[in-house]
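Below is one structure, written out as structure tokens; the observations come after it.
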Amino acid sequence: MYRPVDSDEDVRPVLTVHGHPKDLDQTQSVSTRQGAQQDSRREAWCGRAIGLAVSAALVVLTGTLLLQRDASARLPIKFMVIGDFGRRGQFNQSEVARLLAIKAADMDPDFILSVGDNMYPSGLSSIDDAAFDASFVRPYAAKSLQVPWYVILGNHDYGDKCYDEPPGCYVYGGDTFYSPLHQLDAEVVNRDWRWNCQRTFERRLGGGVAELFFIDTSPAVQKYYNQPWANFTGGLRSQDWPAQLEGLQRKLHASKAGWKIVVGHHPPRSNGHHGNTVELLEALEPILQETGVQAYFAGHDHNLEHVLVANTTPHYIISGGGSKSDRPFIGTADSLFQWPSSGFVTAELYADEMTIKFYGYGTGKDNLEPMYIARIAK
Numbered sequence: 001m002y003r004p005v006d007s008d009e010d011v012r013p014v015l016t017v018h019g020h021p022k023d024l025d026q027t028q029s030v031s032t033r034q035g036a037q038q039d040s041r042r043e044a045w046c047g048r049a050i051g052l053a054v055s056a057a058l059v060v061l062t063g064t065l066l067l068q069r070d071a072s073a074r075l076p077i078k079f080m081v082i083g084d085f086g087r088r089g090q091f092n093q094s095e096v097a098r099l100l101a102i103k104a105a106d107m108d109p110d111f112i113l114s115v116g117d118n119m120y121p122s123g124l125s126s127i128d129d130a131a132f133d134a135s136f137v138r139p140y141a142a143k144s145l146q147v148p149w150y151v152i153l154g155n156h157d158y159g160d161k162c163y164d165e166p167p168g169c170y171v172y173g174g175d176t177f178y179s180p181l182h183q184l185d186a187e188v189v190n191r192d193w194r195w196n197c198q199r200t201f202e203r204r205l206g207g208g209v210a211e212l213f214f215i216d217t218s219p220a221v222q223k224y225y226n227q228p229w230a231n232f233t234g235g236l237r238s239q240d241w242p243a244q245l246e247g248l249q250r251k252l253h254a255s256k257a258g259w260k261i262v263v264g265h266h267p268p269r270s271n272g273h274h275g276n277t278v279e280l281l282e283a284l285e286p287i288l289q290e291t292g293v294q295a296y297f298a299g300h301d302h303n304l305e306h307v308l309v310a311n312t313t314p315h316y317i318i319s320g321g322g323s324k325s326d327r328p329f330i331g332t333a334d335s336l337f338q339w340p341s342s343g344f345v346t347a348e349l350y351a352d353e354m355t356i357k358f359y360g361y362g363t364g365k366d367n368l369e370p371m372y373i374a375r376i377a378k
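Under full-length UniProt numbering, the first residue of the sequence shown is numbered 1, with each subsequent residue one higher.
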């Protein structure tokens, strides 16, 4: 199901990149809102209500247009995957964004996937939060990146790292409070048309050749419920993970697409700092296997990985290197490739094969050559 670039040789069990690709064996491709002062704010709220209605209409229209673009896309379907990036341009975000733009200019992707943790440290504090511009609009302003972005939530978008008790991270006053609802708000589309963030959704590609299933994995992780941010407005305690899982299983079984691809923030399997996500390993992986999902894209661990249990699917493609990456791997279990630093992946989807290229920042040669290429058969 996998072969290295320009070679018919079998891939080694694991390729861990620690240094410059030129040092590697070249025979193997390195490759809610709360109100206050109601009288003074009534006019503002009326204006916002009108704005929300208009924004909602725009989202419906935009979503329809994006879906039509996907449904009519010719093969190959080309996209990029990046995650764990939103650090106001710092911690390598700007550098990785520059590389992403260069490759996008060459590749001309149909869309870009964000696998979550879009806004560090704890999501947005309002729909007008300047962090949205600093962490998304400006870093990815290049012309080549002006394509639809399909975005899911990560644990930091839910408020992780916001440990203060109220008022602290809960309420700063009026419309300002940390909540995942801000990234999901229709008004955000007015700030940047590319932004399409939902908890769970699907996209049919290539006239039904492929289907993407986006899921919201943070509500599955039990340890998060012990944290104060689990109680944020629109947060974890408002979600129903078992119902989401049941819905995903039903949709996967019903899908007639030849390619079934799932996108979630947390990976069931990873050799990165966080390791396996036990709740997903136990409840989600069997569903992925029984419904014939070929690939699962994730982030969470700040690295790049390709993990595959022998003689099974799906392929786990981890692309959480959008910015800061400073943690070593904890192992090499079922690993075909792992890179401990920043970067992203690209994918080209054909009728019978998907080609995935891994690009790492700091690899030399202007970072323009893929470190590793995987070819996944349908």
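Just so you know, even glycine gets a beta-carbon here, dropped at the ideal spot from N, CA and C. None of the values given here were measured: they were computed from a predicted structure.
Segment limits, beta strand (DSSP E) that includes residue i
i           : result
Ser335      : 335–339
Leu205      : 201–205
Leu349      : 343–349
residue 397 : Look at the range of the chain in this structure, 1 to 378, and you will see that residue 397 is not part of it.
Trp355      : Note that residue 355 is Thr in the sequence shown, not Trp. From DSSP, the beta strand (DSSP E) with Thr355 extends over 353–360.
Ala377      : 372–377
residue 379 : Any question about residue 379 goes unanswered here, given that the chain covers just 1 to 378.
Asn196      : 195–197
Lys260      : 259–263
Cβ separation of residue i and residue j, assumed to be a contact under 8 Å, to the nearest whole Å
i      : j      : result
Arg194 : Trp229 : In fact, because the Cβ distance is near 27 Å, the residues do not count as touching under 8 Å.
Ser122 : Gly89  : That pair is no contact at about 18 Å.
Pro109 : Val147 : 6 Å
Ser325 : Ser341 : 5 Å
Exposure label - residue i; buried when at least 16 CB within 10 Å
i      : result
Gly207 : exposed
Ala377 : exposed
Gln93  : buried
Tyr359 : buried
Asn196 : buried
Glu282 : exposed
Gly235 : buried
His182 : buried
His253 : exposed
Ala328 : First, the amino acid is wrong: residue 328 is Pro here, not Ala. Per the 10 Å Cβ criterion, exposed.
Ala105 : exposed
Pro242 : exposed
Val278 : exposed
Leu205 : buried
Arg269 : buried
Pro219 : buried
Asn271 : buried
Pro139 : buried
Gly86  : buried
Ala374 : buried
Asp352 : exposed
Ala130 : exposed
Gly331 : exposed
Lys256 : exposed
Limits of the unbroken alpha helix (DSSP H) element including residue i
i      : result
Trp241 : 241–254
Val189 : 188–191
Ile287 : 285–290
His182 : 181–184
Sequence-distant residues of the same chain with beta carbon closer than 7 Å to residue i, five excluded per side
i      : result
Gly299 : Gly83, Asp84, Val115, Gly116, Asp117, Gly154, His265, Ile318, Ser319, Gly320
Asn231 : Arg237
His274 : His300, Asp301
Leu52  : Interpretation of Leu52 is limited by its pLDDT of 39, a score under 50 that renders its predicted location unreliable; no figure is taken from the coordinates.
Leu99  : Tyr359, Tyr361, Asn367
Ile102 : Leu368
Trp339 : Val17, Asn303, Leu304, Phe358, Gly360, Met371
Contact test: residue i Cβ vs the ligand COA heavy atom, cutoff 6 Å
i      : result
Leu245 : Ligands are entirely absent from the displayed structure, and the ligand COA is therefore not among its contents.
Within-7 Å CB hit, residue i to chain B
i      : result
Gly299 : Among the protein chains of the structure shown there is no chain B, as only one such chain exists.
Own chain partners of residue i with C-beta closer than 8 Å, once the 5 adjacent residues on each side are dropped
i      : result
Glu202 : Glu211, Leu212, Phe213, Phe214, Lys251
Tyr225 : Leu236, Arg237
Thr312 : Gln289
Same chain, Cβ closer than 6 Å to residue i, five either side skipped, listed in chain order
i      : result
Val262 : Phe213, Val293, Tyr296
Ile287 : Gln249
Pro167 : Reliability of the predicted coordinates at Pro167 is poor, the pLDDT of 47 falling under 50, and no value is obtained from them.
Taking only runs that begin and end inside the stretch 64–149, name each unbroken alpha helix (DSSP H) of 4 or more residues, in chain order. 93–107
Which residue spans inside the stretch 292–323 form an unbroken beta strand (DSSP E) run of at least 3? The qualifying runs are 295–298, 304–307, 315–319.
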